[in-house]
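Heads up: the structure comes next, in structure tokens.
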Amino acid sequence: MKVVTTIKQVREQVKSWHQSGASIGLVPTMGFLHEGHQSLMAAAKKDNQKVIVTIFVNPIQFGPSEDLASYPRDLQRDKIACEKMGVDLIFCPSTDEMYDTHFSSYVDVNGLTDALCGKRRPGHFKGVCTVVTKLFNITQPDRAYFGQKDAQQLAVIKRMVKDLNFNIEIIGCPIVREQDGLAKSSRNSYLSESERLAAVCLYQAIESANSMIKQGEKSVATIRTAMQDIIAKQSLAKIDYIEFVDLQTLTSVELLEQDSLCALAVYIGKTRLIDNFIYYHYYS
Ligand code: AMP
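Right, dumping it as structure tokens:
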């Protein structure tokens, strides 16, 4: 496994892989890797001859009051995790390598970014789309792997790839969870012991919504109230949003009569956690 920090080094490696006809799978990450990231690597490994993992905490996707400075980092541990998964190349550039002083071009996906996290984190998806575009251009993959954990991000990237004609297949991978149901996240490392226990409320709310849906409940208002009640039981939890949106357009739905995404963001103490589930109308 090679670990490189410059765009030039990636280009050299990718060129030789392309010349030998090898297919390339890309897994973009911000590091502090966990089993969620490793599931993307496993999927990439299965589909491609070569796997590139990028590790870059992208400053332009963080708002001014967000956790850029404190975001957890551990490159040594990440290298071991990638090695274990049979990754071929890690690209871990510095901020200067990715953004020179005169950097001034951005990729902005409209519409899909108006709701959910896009609404609460202005500029976030512009930062995400810009860095992902750069990583696509640098690594020239055949396929790129993203987690359903960040459902809006996955939808936005798929839209961007279609709109801008990237010749890259976008593969969404299921949410990997802890034993008690908490979605794995690098940000879980911020949680104190009591916060970690409280954090299970996101999954409990999802489970309760799913069981109401199974029993035939279609009203978003009713389901949302039940989810709010579960989360309200945890004094450390504060809801940022619980929204039900159309799976394709991400516009608000009031009745579950189409494929829908239920997404939620909840502060546990100071840590903002997100989770979601998809409702498929066809199967209900
Ligand atoms: P991050 O390092 O948090 O930016 O995440 C990098 C990629 O890993 C994104 O595509 C995430 O959606 C994905 N990911 C993060 N957590 C999980 C998880 N629990 N299950 C599946 N994929 C995940």
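Under numbering that gives the first Met the number 0, the sequence shown is numbered contiguously, ending at residue 283.
All C-beta atoms, glycine included, are put in the ideal place defined by N, C-alpha and C.
These numbers were taken from a predicted model, which means no experiment stands behind them.
- Annotation for A262: no alpha helix (DSSP H) segment contains it, though the beta strand (DSSP E) segment containing it runs 259 to 267.
- For E34, the enclosing alpha helix (DSSP H) has its first and last residue at 34 to 46.
- For M0, the shortest separation between its Cβ and any heavy atom of the ligand AMP does not lie below 7 angstroms.
- Counted as a single uninterrupted DSSP element, the alpha helix (DSSP H) harbouring D162 occupies residues 150 to 162.
- Across the structure, P173 and M97 are spaced so that their CA atoms are roughly 29 angstroms apart.
- As DSSP reads the structure, A182 sits in a beta bridge with R176.
- CA-CA distance, S191 to M29, rounds to 22 angstroms.
- Ranked by how close their Cα comes to the Cα of A220, the residues V175, Q233, L111, I241 have I241 in first place.
- For the ligand AMP, the residues with a Cβ under 6 angstroms from any of its heavy atoms are, in chain order, T28, M29, G35, H36, S38, L39, F145, G146, K148, D149, C172, I174, V175, A182, K183, S184, S185.
- Along the stretch 210 to 246, the beta strand (DSSP E) occurs as fully enclosed runs of 3 or more residues at 236 to 245, listed in sequence order.
- L88 and D46 have their alpha carbons spaced roughly 16 angstroms apart.
- In the displayed model, N275 falls within a strand according to three-state DSSP.
- Contact annotation: I267 and E206 have beta-carbon atoms that are not nearer than 8 angstroms.
- For S64, the secondary structure class from DSSP, reduced to helix, strand or coil, is coil.
- The residue from L260, Y279, V13 with its alpha-carbon nearest to that of A154 is L260.
- The beta carbon of W16 sits closer than 7 angstroms to those of I23, K49, all from its chain and outside the five residues before and after it, given in chain order.
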